[in-house]
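Below you'll find the structure, written out as structure tokens, and then a few comments.
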Amino acid sequence: MHAQSAIEYYSVEDYRHWEGDWELIGGIPLAMSPSPAIEHQRLGARILRRLAEALDDCPHCEALYEIDVEFSRDTVVRPDVLVICFEPVGERLTRAPDLIFEILSPATARRDEHTKFQLYRDEGVRWYVLVDPAAARAKVYRLVEDEYRKVGDFRTESCQFELSNCMITFDFGRLWTGGGATSEKF
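Under numbering that gives the first Met the number 0, the residue at position 106 of the sequence shown is numbered 105, and the numbers go up by one with no gaps.
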């Protein structure tokens with residue numbers, strides 16, 4: 000039997016009926032268990048809080064935590080933290096966010112660094128940030144001419160993210176110690 004014919008293909012409609020935590024990429028289900036460790040959750044909460052504070056003055060953008068993004072009929076992922084600069088239609092996100100943060104863990108690092116990197120690039124996510132808690136470092140990528148270009152590695156520095164409707168400054172140094180971010184309107 001050919002290996003490809005043994006792989007089952009699923010849709011987002013199938014996904015909606017599953018129990019547990021899953022992602023679906025190109026019709027292939029990917030388990031998301033066990034749930035993120037405590038430090039992963041803490042870091043995700045800090046990122047969300049910093050982004051939400053930075054976006055307080057922007058009426059168009061908002062930060063969301065672990066929400067499904069349905070990119071197509073066979074692909075749905077759940078980024079750790081994201082920023083949208085549009086009003087969602089219904090209860091699900093079906094458009095690319097402006098900014099996605101993924102927190103690396105041993106169980107998901109390869110998926111985040113390769114599979115999701117390509118997926119987010121192809122779907123037009125403007126900014127992709129890979130956060131490595133073990134190294135207290137974040138790699139920031141910006142979409143330029145349909146390719147991700149690395150902006151840099153950030154430990155204690157700040158990075159400005161130009162979103163669809165505003166610009167925010169994110170201080171990565173305060174992320175590891177609990178600090179913040181600021182925003183400017185266009």
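Backbone N, C-alpha and C fix where the C-beta goes; we use that ideal spot for every residue, glycine too.
Hey, how far is the Cα of residue i from the Cα of residue j?
i	j	result
L23	E101	16 Å
D20	T107	13 Å
M166	E7	43 Å
H39	D131	10 Å
H153	A134	The question names His, but residue 153 is Phe in the sequence shown. Approximately 10 Å between the Cα atoms of the pair.
K184	D56	Only weak support exists for where K184 lies, its pLDDT of 47 falling under 50; the coordinates are left without a value.
Y9	D73	6 Å
R94	D67	11 Å
P58	E52	12 Å
E12	R91	13 Å
A180	I99	Caution applies to A180, whose pLDDT of 48 falls short of 50 and renders its modelled position unreliable; the value that the coordinates give is listed next. Cα to Cα, the separation comes out at about 16 Å.
F169	P35	23 Å
F70	T155	33 Å
P105	R41	17 Å
E86	I37	31 Å
G26	F171	35 Å
P28	R15	12 Å
H113	L103	12 Å
K149	F116	12 Å
G33	W126	The sequence given here has Pro at residue 33, not Gly. In a straight line, the C-alpha of P33 is about 27 Å away from that of W126.
C158	W17	38 Å
G178	A44	Model confidence at G178 stands at a pLDDT of 47, short of 50, so the residue's coordinates are unreliable; what they give is reported in the following sentence. Using only the alpha carbons, I get a separation of about 12 Å.
L54	F160	11 Å
Taking Cβ positions, are residue i and residue j nearer each other than 8 Å?
i	j	result
L50	V88	no
C60	L174	no
E65	R48	no
V75	P96	no
D145	L129	no
I46	L63	no
Flag residue i as yes if its beta-carbon sits less than 8 Å from any beta-carbon of chain C, otherwise no.
i	result
F70	Protein chains in the displayed structure number just one, and chain C is not present.
Quick one: what's residue i bridged to in DSSP?
i	result
V75	L23, E69
V80	Y64, F100
E161	M166
L92	V68
query = At which residue ranges does the stretch 113–155 contain complete beta strand (DSSP E) runs of 3 or more residues, listed in the order of the chain?
reply = 126–131, 136–143, 146–153
request  = Count the C-beta pairs between the stretch 106–122 and the stretch 136–152 that are closer than 8 Å, then say yes if the count reaches three, no if not.
outcome  = yes
ask   = In chain order, which continuous runs of the beta strand (DSSP E) of length 3 or greater are located wholly inside the stretch 18–59?
value = 21–24, 27–30
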